[in-house]
Amino acid sequence: MSTTTPTTPTTQQNPTYSEAFQSGVREEMKLNPNIFILGTDLVERGGHFAQVKGIAQEFGVDRVKDSPISEAAMVAAGLGSAMYGCHPIIDLNFIDFSLGAMDEIINQAAKIRFMFNRPVPLVIRATSGVALGGAHHCNSLESLFAHTAGLSVAVPSRAYDVKGLIKTALRSPDPVIFLMHKKLSGVRGEIGDENTFIPFGSANKVKSGKDAAIISYGYTIVSAQKAAQNLAEQGIDVEIIDLRTLYPLDTDTINETVQKFGRVVVADEAPMFGSITAEIAATASEANFKHLKGPIIRVGAARAPLSANPQMSEAAIPSVNDLVEAVKKVMSY
Amino acid sequence: MTTDSKWGKETLRQMLLIRNFEETADKLTLRGKVPGGMHNSSGQEAVAVGVMSALDPKDVIATTHRSHHHTIAKGMPVNIVMAELFTKATGCSGGRGASMHLADVENGHFGGNGIVGAGVGIAMGAAVGIKQMGHKKVAVGFVGDGGVNTGRTWEAVNMAVIYKLPLIIIVDNNQYAVETFVERVTGGNDIAKRGAGFGLPSFTIDGQDVEEVHKYTLEARNRALAGEGPTFINALTYRYYGHNVGEKGQYRTQEEIADWRSHRDPIDRFSAKLISEGALTQADYEAMINSVAKEIEEAVDFAEKSPLPDVSTILDGVDSGLLGASK
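So the sequences go chain by chain: A and B.
1 is the number of the first residue of the first sequence in our numbering; add one for each residue after it.
1001 is the number of the first residue of the second sequence in our numbering; add one for each residue after it.
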């Protein structure tokens, strides 16, 4: 597990989660002339989440390209140019839109190194997770990508990790799915300097605890922190592990955590059926059965499309209270 | 127009090599030597050789499930191609690809493809890379008449137009999408007109005339190198065998196949032209036929004797492992 937790408190001077992305990309673009960004509404607007604001003005429109809304061609442009020797960032805006480019991602980009021994240094960036917008703007597809051999998946929960992980991705010869939670876009936090790289497959201990652990990622880390406060008032001290990437997965930290507490909750906001939380709970149980005091409890979303109605949408995904109840359940064994 | 003798002989030899390769590989497939089968391109040689003879060896191609002819014309040695069909360790993809996944990315062959329509997008992406890096090269994306009914093909064409990419799109139009005649499934029934709708030069040409294919490709390449953007070429051709080896096709008549073979065969047409112009003697031609047959025989021998890939390597190369290396 990494020990890269920032030491100074978060202040208003710190950059946002989106600005952390800009910062990491800028630094790497200065060093590598073959990095370019392609996506919709990037040049003037700086992307719908301000994730590349000002970069076109600094580096020019040859390196920040406005694209038609044409996901298959966008990813193909990234894939072919990555095979050729560039290091493109393809910005798909919402990961829901990647479904129009699934052949390019899963059949092509993920398999070229294996079949043709050719690196595909391609970053596909998109927002992910549940916010407003309904069934076509709130999918959590990370398990699908983590399931696909050849792809790596980043799911940062804070500015520091966004910057450190995108910098690592932009030095990697492999395709990376970089998922930024839309509800975190404006959240400020400290970031690392130009030499701070966060390796994929290294979880971060957000909070130490004595009684039980919540293993999670993305926006659910925010909910887990609120749940931990609530549980502290009830005398339960919970540890929080942020996975930061889903592939490679930090199985060492997962196993250590299960062995340490024997009481573990795995949580995210994707539909639970067939999700990454199922993978973690199953493999961690197989590997650490004798350390378990009870079953690993999973918390996730209903197997239903997300509704546009905010109350219906909230009802489909885990609440802070669901996390509190799950921890109390593992404490009951 | 008289054909340059040296170019003509090399072009003819390439087409003969492909024909012999395909007919030999077809028989070997029926004998169970080619896992997963293969797609025979016999009849379509002029498209592959006409295009490739107009390119620089460093230019990029990305192609389709039927790509032996493109691959051989691109310059991959036939023993390496045959070994890949046999899924041997010495094949171009180390036996991981077989017939549909021939590639040599280092030398500009960005791969055959199991997914209809995928090749144009990959070639378009390579053209993005060429332009980003300021290189003087072009990329060629091959697609079939089946692939022109996939959305991804046209997304790629549109992107090539708006970015003025050095891309040539070649429809290797053998008129049958697996077993379905092109007219039955192609709205408007004019593929070149579809291309023109995207605002790029778009042509339908005789894909059985190797010199015509060469000429249109050369012009397209010159436009691309001059910064004038992509060109769309619909090359009408015909495949003599089924979609896949061993197919019992009921969807076309034997008369139709015989007509294409006897009246429009690209090798017969071009060899007759070279002989009539005095660029080639009948004896030269026969020697050429024997020479390619020997080359293919040696390729089969190489493939037969090559080792199988080591199954303990099935996890090798899935990813670099570098993302987590500093852990």
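Glycine included, C-beta positions come from ideal geometry on N, C-alpha and C.
Interface flag, F1142 of chain B vs chain A, CB-CB below 7 Å: Contact with chain A is absent for F1142 of chain B, since none of that chain's Cβ atoms lies less than 7 Å from the residue's Cβ.
Between the region 1166-1180 of chain B and chain A, which residues of the former have CB atoms less than 8 Å from a CB of the latter, in chain order? Answer set for the region 1166-1180 of chain B: empty.
T8 of chain A (DSSP reduced to helix, strand or coil): Here T8 of chain A scores only 48 on pLDDT, less than 50, and its place in the model should not be relied on; the value that follows carries that caveat. It is coil, neither helix nor strand.
Could you confirm whether any beta carbon from chain B is found closer than 7 Å to the beta carbon of A146 of chain A? No, A146 of chain A lies away from the interface with chain B (no Cβ there is under 7 Å from its Cβ).
What's the gap between the Cα of M74 of chain A and the Cα of L38 of chain A? Taking the straight line joining both Cα atoms gives about 7 Å.
Whole angstroms are fine: how far does the CA of E1277 of chain B sit from the CA of M1336 of chain B? Beyond the ends of chain B as shown, which are 1001 and 1327, falls residue 1336 of chain B; an answer cannot be given.
Kindly indicate if chain B contains any beta-carbon less than 7 Å away from that of K328 of chain A. False, the Cβ-Cβ gap to chain B never drops below 7 Å.
Examine chain B for any beta-carbon lying closer than 7 Å to the beta-carbon of M180 of chain A, and answer yes or no. No, M180 of chain A does not count as interfacial toward chain B.
When you compare the CB positions of A1062 of chain B and G1119 of chain B, do they come within less than 7 Å of one another, or not? With respect to G1119 of chain B, A1062 of chain B sits close: the two C-beta atoms are nearer than 7 Å.
On the DSSP letters alone, give me the boundaries of the beta strand (DSSP E) that M181 of chain A sits inside. Before going on, a small fix: residue 181 of chain A reads as His here, not Met. In the DSSP assignment, H181 of chain A falls within the beta strand (DSSP E) that extends over 176-181.
Would you kindly report the start and end of the unbroken beta strand (DSSP E) that includes V266 of chain A? For V266 of chain A, the uninterrupted beta strand (DSSP E) segment begins and ends at 264-271.
Could you check the C-alpha separation between K182 of chain A and C138 of chain A for me, to the nearest Å? Computed Cα separation, rounded: 9 Å.
Within the same chain, show all residues whose beta-carbon is closer than 7 Å to that of F94 of chain A, passing over the 5 residues directly before and after it, in chain order. Around F94 of chain A: A126, T127, H137.
Cutting at 7 Å between CB atoms, please list the residues of its own chain near L1016 of chain B, excluding the five before and the five after it. Once the five neighbours on either side are set aside, the close Cβ partners of L1016 of chain B are I1267, M1288, I1289, V1292.
Assuming A1177 of chain B contacts N1234 of chain B (C-beta within less than 8 Å), just tell me the rounded distance between them. With a Cβ gap of about 14 Å, A1177 of chain B and N1234 of chain B do not count as contacting.
Suppose you measure from the CA of G24 of chain A to the CA of V1138 of chain B; what does that come to, to the nearest Å? Their Cα atoms are separated by approximately 33 Å.
With DSSP run on the structure shown, which of helix, strand or coil describes H1214 of chain B? H1214 of chain B: helix per DSSP, three-state reduction.
is_contact[N255 of chain A, chain B] using C-beta, thresh 7 Å: By the rule that beta-carbons nearer than 7 Å mark a contact, N255 of chain A does not touch chain B.
Cross-strand partners of A1062 of chain B (DSSP beta bridge): DSSP, once it has assigned bridges, lists B:G1141 as partnering A1062 of chain B.
Element boundaries [beta strand (DSSP E), containing S152 of chain A]: In this chain, the beta strand (DSSP E) harbouring S152 of chain A covers 152-154.
Compare the C-beta of I1122 of chain B with all C-beta atoms of chain A and state if any pair is closer than 7 Å. By this cut-off, I1122 of chain B is an interface position.
Under 7 Å (Cβ pairs) to chain A, residues found in the region 1093-1125 of chain B: For the region 1093-1125 of chain B, the set of positions with a beta-carbon nearer than 7 Å to some beta-carbon of chain A reads S1093, R1096, G1097, H1101, A1103, V1105, F1110, G1111, I1115, A1118, G1121, I1122, A1123, M1124, G1125 in chain order.
Residues of chain A with CB closer than 7 Å to the CB of A1156 of chain B, please, in chain order. Near A1156 of chain B (Cβ distances below 7 Å), the residues of chain A are A73, A76.
Nearest neighbour of N230 of chain A, chosen from A:R303, A:E325, A:R45, A:P68 [CA to CA]: Cα-wise, what sits closest to N230 of chain A is A:E325.
Could you list the residues in the region 197-223 of chain A with a C-beta less than 8 Å from some C-beta on chain B, going in chain order? F197, P199, F200, G201, S202: these are the residues of the region 197-223 of chain A whose beta carbon lies less than 8 Å from some beta carbon of chain B, given in chain order.
So if DSSP puts K205 of chain A in a beta bridge, which residue, or which two residues, is it bridged to? Bridge partners of K205 of chain A: A:I241.
Answer with yes or no whether the minimum CB distance from G1197 of chain B to chain A is below 7 Å. False, the Cβ-Cβ gap to chain A never drops below 7 Å.
Runs of 4 residues minimum, wholly inside the region 1181-1264 of chain B: which ones carry the alpha helix (DSSP H) assignment? Every alpha helix (DSSP H) of 4 residues or more that sits fully in the region 1181-1264 of chain B is shown, in chain order, as 1182-1185, 1191-1197, 1210-1225, 1254-1264.
Simplified DSSP state of K335 of chain A, which is helix, strand or coil: Nothing about residue 335 of chain A can be read from this structure; chain A reaches only from 1 to 333.
Under DSSP, the alpha helix (DSSP H) around P310 of chain A begins and ends at which residues? Unbroken alpha helix (DSSP H) run through P310 of chain A: 310-316.
Enumerate, from N- to C-terminal direction, the unbroken alpha helix (DSSP H) stretches of 4 or more residues contained entirely within the region 102-156 of chain A. Runs of the alpha helix (DSSP H) lying entirely within the region 102-156 of chain A and spanning at least 4 residues, in chain order: 112-116, 142-147.
First and last residue of the uninterrupted alpha helix (DSSP H) at V1081 of chain B: Boundaries of the alpha helix (DSSP H) around V1081 of chain B: 1078-1085.
Thinking C-alpha only, which one of A:I106, A:F116, A:S332, A:S185 is nearest H1109 of chain B? Of all alpha-carbon atoms in A:I106, A:F116, A:S332, A:S185, the one lying nearest the alpha-carbon of H1109 of chain B is that of A:F116.
Closer than 7 Å at the beta carbon, the chain A residues around Q1014 of chain B: Under the 7 Å cutoff, chain A gives no residues; its nearest Cβ is about 24 Å from Q1014 of chain B.
Near I1205 of chain B, what residues of its chain come up, given a Cβ to Cβ distance below 8 Å and the 5 sequence neighbours on each side ignored? E1212, V1213, Y1216, I1233, N1234, A1235, L1236.
Three-state class that DSSP yields for L165 of chain A in the structure shown: In the structure shown, L165 of chain A sits in a helix (DSSP, three-state: H, G or I).
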